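Chains as they are written, first to last, in this note's numbering: chain A, 328 to 927; chain B, -18 to 326.
Ideal Cβ positions, reconstructed from N, Cα and C, are used throughout, including at glycine.
A quick note: this is a predicted structure, and the numbers were derived from the prediction, not measured.
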Amino acid sequence: MMSRQRWIYAGFLALLLLGPIILPEFYITLLNYIGLYAIVALGLVLLTGVGGLTSFGQAAFVGLGAYATAYLTTATDLSGWLAPFGQSPWLALVAGLALTALVAAILGALTLRLSGHYLPLGTIAWGISIYFLFGNLEFLGGHTGITGIPTLSFLGWELKLGREFYFLIWVALLASVWLTQNLLDSREGRAIRALKGGTLMAEAMGVNTARSKIVIFLIAAMFACVSGWLYAHLQRFINPTPFGLHIGIEYLFMAVLGGAAHVWGALLGAGVITILKQWLQDFLPQILGSSGNFEVIIFGLMMVLILQRARDGLWPILARCIPNVADKCAQKQVFPAEPLPKKPSLQAGNKLLVVGDVVKKFGGLVACNRMNLSVQSGEVLALIGPNGAGKSTMFNCISGVDPASSGEIRFLGERIERLNSREIASRGMSRTFQHVRLLPTMSVLENVAIGAHLRGNKGVMSALLHLDRAEEKRLMAEAAKQIERVGLAEHMFDQAGSLALGQQRILEIARALAADPRLLLLDEPAAGLRYLEKQALADLLRRLRAEGMGILLVEHDVDFVMGLADRVVVMEFGEKIAEGLPEQVQRDPAVLEAYLGGVA
Amino acid sequence: MDLQIALLLGQDGITNGAIYALLALALVLVFAVTRVIFIPQGEFATLGALSLASLQAGKTPGTLWLLLGAGTAIFIIDGFQAVRAGALHRLPKILLWNLAYPGVAGLILFLVEPAELSMIAQVLLSLMLVVPLGPMIYRLAFQPLAEASVLVLLIVSVAVHIALVGLGLLFFGAEGSRTPAFSDAVFEFGTIHVTGQTVWVLVSSVLLIATLYLFFERSLYGKALRATAINRIGARLMGISTIMAGKLSFLLAALIGAFSGILIAPITTIYYDTGFLIGLKGFVGAIVGGLASYPVAAAGALLVGLLESYSSFWASAFKEVIVFTLIIPVLLWRSLTTHHVEEDE
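In structure tokens form, the structure reads like this:
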């Protein structure tokens, strides 16, 4: 299987190398542009397809890269500190990347906070603004642009011809693909992929989602900048036209058409759109009898059709024709590795969690009123109550997903009621969700590995350069261990979305365990499980308890709770109505009243 | 800048702002009912203005071909579906709206000499050509994706926008057009001259907004649209067809768009791609209103018009930069003031 994939890569590389030797000039130019566009589209794959953030403004970043180098390498009157960057296009690239990173960081800080559809609207706005800036700033040559941009030299080899430039462009593209694939296949990459499932779960697993968003935004902008730099030195003149909003839209179309969730989709999309554009620009004016950019009509209609009929783009369709490529690429393997360090275990009977007088209001509605409870290490506390009693609200207050309105929550003696869910997770509390929150297209293994996010520390740079492999192996081994522990070993490499609902709940427990928590919050873990599975779950929780873990459990299945819990807290209408040993609570008149509507 | 210039710029700003306000209202309407961020809103202004200009020049507006083409496409798709579902009784209606109506429009254009008609007749004829394109575009592009996410709908919306810009270039060429003013009257208030066209723009905008208000408050269809905007599933359970609501909102958006284009065509030269920037300025206004509040959106649009007008005096080259950069602090303010916790679904 692997060898077949290797063969495909090798064949592709051989064709790429043969290209400049056998192809006529026209095709070389076309391939050069495909490469340039694919670099930008690749950034969009990371941003849109993987991270779920849509940008129509990438052309503006291409422009920043192109204008930075054009200005620096042609200006004759550079002031003091800028002068060194004008010495060589390579130094100008460094300056361009720095400028792009700065602009992207500012725009990102301003627009990435925007939820959902406001972000793409923001990108349209700054896409237009930056374009008009290029056209109206005197020192950038206005709408005429800048001419006389020098050629690039590489180790004394001057890249004058398109045929020579070809190598540089494709090396840059393949390097970007390599970096992107490395990043996606890493701890930070999983955090980025988790963005699409909503920030709530990712934050609860300790992922700084705001940072992940900025990271992919910066990387996409840098790719665009490199493409612009290459473009400027290939063309040797620039004007604002190729950096306008409509080209930004075209870049997004390339990513969507190729398959926005796939690295190679960027290349496919860039290829199809570039070739089609070339062909349509020749063909349409002939049949329409006038000249103009009529290809946009076809592109527009094509995009509508693609989004209606094949929303995942062309790459998945193509990959299906070459079996064993698409699905195998994504598959991780587990190698034996040194286990990750664990927190020292606590003696049973230590106070883990103390909740004092917690109130949660939604407007005028009091969902939790002066709730008190505590959980010790080595103890299972069950929180039960009729539907709408405020149990899940209580969970959200404790785990920081939706902070309490007032009251005090202490975890290991430290007050946590004002901390966010990420900070709480890092202190050793981990949770599952009542409505499962998984990444359905990722494997069970990788879903569980997200839980171990806080136990690794390799960052984006080491991920990009594959310097994180030792830690990655340990994370995978840990995830595999937890999967075996909860009894999902046979599904380790299946897509999480293909599991039955009960198994998905168990998967969430494995993910929470991967964080090595001291306190585990389980929101209805037994719902949807069959009898034997429930027994297995109860056994697992007993073992965890014996290891000194504290468990806070919300559950409806009374048999399950009564057989397992050390103590029970009963809630109704946001208030605690009873607390005690399971058998005491079962006889409590207030509880019988709440559940059965009065003592018979 | 003296008072005279300030007032003149203010007048310009309010006139343009009124147009942006109309477009902003249409955008809010379409978004609320269908969740489509309707980027092609401005293209309807272009199509309206340039169709009128073509008629006045005695040419057949290219929008006729678009109307015929879109109608035929819908006839084929809907007709096929109706036949396959055995619902033959739906065929006459499909035939009427998608083939007969464009056919009649074509026949009228063929029979009359449009350049000789009165201004009012020309305006009506242009509206007749452009407005049905709204529901047709909804049918072809958006109806099959009605349950898709806002982001997918936005990308479709952008795709429709660029297709329409390309078609605009094909139909009307790259040269701009300006139509004669509705009235040549000039009113004098002290030292200020107010042109008849400005009065036309302001009065029509106010009238149109008032009509829309009455439509939403008093008519059954208006209430159906509001119900759909508040809760699509709930509205559907009450027997309101979401398809009908979608088509109706697009019809209104196309009407408002085309009419706005016709209103400003005498004030500014319209090119095939002018609509986009006009529409986007309506957008900035709509976003000020959070894509939800009609009065705030209209106020935001007026503000955009004024800002544009005054910045064209001080820094005319950077007019667009200023207007579109404004959107970023507005968006930021909106995102900071609206707290949104992901819902458990």
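Counting C-beta neighbours from all protein chains within 10 Å, is the total for residue i 16 or more, i.e. buried, or is it exposed?
i                            : result
glutamine 831 of chain A     : buried
cysteine 552 of chain A      : buried
proline 447 of chain A       : buried
phenylalanine 153 of chain B : buried
glycine 50 of chain B        : exposed
lysine 670 of chain A        : exposed
arginine 65 of chain B       : exposed
tyrosine 303 of chain A      : No answer is possible for residue 303 of chain A: it lies beyond the span of chain A, which begins at 328 and ends at 927.
asparagine -3 of chain B     : buried
glycine 454 of chain A       : buried
serine 726 of chain A        : buried
threonine 381 of chain A     : buried
lysine 718 of chain A        : buried
proline 347 of chain A       : buried
phenylalanine 689 of chain A : exposed
cysteine 648 of chain A      : exposed
lysine 262 of chain B        : buried
glutamine 911 of chain A     : exposed
Helix, strand or coil: how does DSSP classify residue i here?
i                            : result
aspartate 609 of chain A     : helix
glutamine 822 of chain A     : strand
methionine 709 of chain A    : The question names methionine, but residue 709 of chain A in the sequence shown is alanine. Looking at alanine 709 of chain A - three-state DSSP - the assignment turns out to be strand.
leucine 420 of chain A       : helix
valine 17 of chain B         : coil
alanine 694 of chain A       : strand
arginine 758 of chain A      : strand
valine 175 of chain B        : strand
alanine 431 of chain A       : helix
alanine 905 of chain A       : strand
methionine 876 of chain A    : coil
aspartate 59 of chain B      : helix
aspartate 884 of chain A     : coil
glycine 533 of chain A       : coil
leucine 479 of chain A       : strand
glutamate 169 of chain B     : strand
lysine 718 of chain A        : helix
arginine 514 of chain A      : helix
phenylalanine 900 of chain A : coil
leucine 287 of chain B       : helix
To which residues of the same chain is residue i closer than 6 Å at the C-beta, ignoring the five residues directly before and after it?
i                         : result
glycine 929 of chain A    : The requested residue 929 of chain A does not occur in the structure, where chain A is confined to residues 328 to 927.
tryptophan 556 of chain A : Gly392, Thr396, Leu420, Gly423
alanine 653 of chain A    : Any reading at alanine 653 of chain A must be qualified, since the residue scores a pLDDT of 48, below 50, and its modelled position is unreliable; the value itself is stated next. Here the set comprises Ala646.
glycine 384 of chain A    : Thr450, Trp453, Gly454, Gly575
isoleucine 303 of chain B : Ser292
Counting only the same chain and skipping the five closest in sequence on each side, list residues whose C-beta sits under 7 Å from that of residue i.
i                       : result
cysteine 656 of chain A : Its pLDDT being 44, under 50, cysteine 656 of chain A is placed unreliably by the model, and nothing is read from it.
valine 813 of chain A   : Ile833, Ile836, Ala837, Leu867
If you drop the 5 nearest sequence neighbours on each side, which residues of the same chain put their C-beta closer than 8 Å to that of residue i?
i                        : result
glycine 469 of chain A   : Gly462, Asn463
aspartate 325 of chain B : Below a pLDDT of 50, predicted positions are generally treated as unreliable, and aspartate 325 of chain B, at 34, falls in that range; the measurement from the model is reported next regardless. Hits under 8 Å: none found.
valine 322 of chain B    : Because valine 322 of chain B sits at a pLDDT of 45, beneath the cut-off of 50, its placement in the model cannot be relied upon, and the following sentence gives the value as read from the coordinates. Correct list: empty, nothing qualifies.
valine 896 of chain A    : Leu700, Leu708, Ala709, Leu710, Ile711, Lys903, Ala905, Glu906
Taking 6 Å as the cut-off, is the beta-carbon of residue i closer than that to any non-hydrogen atom of the ligand COA?
i                      : result
glycine 525 of chain A : Ligands displayed in this structure: none; no statement on the ligand COA is therefore possible.
Original post:
Any chance the region 686 to 704 of chain A sits against the region 632 to 648 of chain A, with 3 or more Cβ pairs inside 8 Å?
Top reply: No, they do not touch.
Original post:
the region 373 to 402 of chain A: which residues have C-beta closer than 9 Å to a C-beta of chain B, in chain order?
Top reply: Cβ contacts with chain B: Thr375, Gly379, Thr381, Phe383.
**OP:** Would you check if there are 3 or more beta carbon pairs closer than 8 Å linking the region 520 to 529 of chain A to the region 351 to 363 of chain A?
**Re:** By the criterion of at least three beta-carbon pairs nearer than 8 Å, the region 520 to 529 of chain A is not in contact with the region 351 to 363 of chain A.
Subject >> Residues of the region 455 to 488 of chain A whose Cβ lies closer than 8 Å to any Cβ of chain B, in chain order >> reply: The region 455 to 488 of chain A vs chain B, Cβ under 8 Å: Ile455, Ser456, Phe459, Leu460, Asn463.
Original post:
Relative to chain A, which residues along the region 142 to 165 of chain B have a C-beta separation below 8 Å, given in chain order?
Top reply: Going along the region 142 to 165 of chain B in chain order, one finds His142, Ile143, Ala144, Leu145, Val146, Gly147, Leu148, Leu150, Leu151, Gly154, Ala155 with a Cβ nearer than 8 Å to chain A.
Subject >> Meets three-Cβ-pair contact criterion under 8 Å: the region 235 to 255 of chain B and the region 287 to 295 of chain B >> reply: Touching, no, given that fewer than three Cβ pairs across the two stretches are closer than 8 Å.
Original post:
In chain order, what residues of the region 575 to 593 of chain A put their CB closer than 8 Å to some CB of chain B?
Top reply: Of all residues in the region 575 to 593 of chain A, Ile576, Leu579, Phe580, Val583 have a Cβ within less than 8 Å of some Cβ in chain B.
Original post:
Just by C-beta distance, which residues in the region 300 to 311 of chain B are closer than 7 Å to chain A?
Top reply: The residues in question are Glu301, Val302, Phe305, Thr306, Ile308, Ile309.
**OP:** Mind checking the region 267 to 289 of chain B against chain A and listing, in chain order, the residues whose C-beta falls within less than 9 Å of any C-beta there?
**Re:** Listed by position, the residues of the region 267 to 289 of chain B near chain A (Cβ gap below 9 Å) are Ile268, Leu272.
Subject >> Validate contact between the region 264 to 281 of chain B and the region 127 to 143 of chain B using beta carbons, cut 8 Å, 3 pairs >> reply: With contact defined as three or more Cβ pairs closer than 8 Å, the region 264 to 281 of chain B and the region 127 to 143 of chain B are not in contact.
Subject >> Residues of the region 439 to 450 of chain A whose Cβ lies closer than 8 Å to any Cβ of chain B, in chain order >> reply: Hits within the stretch, in order: Arg440, Leu441, Ser442, Gly443, His444, Tyr445, Pro447, Leu448, Gly449.
**OP:** Taking only beta carbons into account, state which residues of the region 9 to 23 of chain B come closer than 7 Å to chain A, listed in chain order.
**Re:** Here the close residues are Ile18.
Original post:
Is the number of C-beta pairs between the region 508 to 520 of chain A and the region 774 to 786 of chain A that are closer than 8 Å three or more?
Top reply: Touching, yes.
Original post:
Any contact of the region 336 to 351 of chain A with the region 541 to 549 of chain A, i.e. 3+ C-beta pairs under 8 Å?
Top reply: By the Cβ criterion, the region 336 to 351 of chain A is not in contact with the region 541 to 549 of chain A, since fewer than three pairs of Cβ atoms, one from each stretch, lie closer than 8 Å.
Subject >> Proximal residues, the region 121 to 144 of chain B versus chain A, C-beta separation under 7 Å >> reply: If the cut-off is 7 Å between Cβ atoms, the region 121 to 144 of chain B has Ala122, Pro125, Leu126, Val131, Leu132, Val133, Leu135, Ile136, Val137, Val139, Ala140, Val141, Ile143, Ala144 near chain A.
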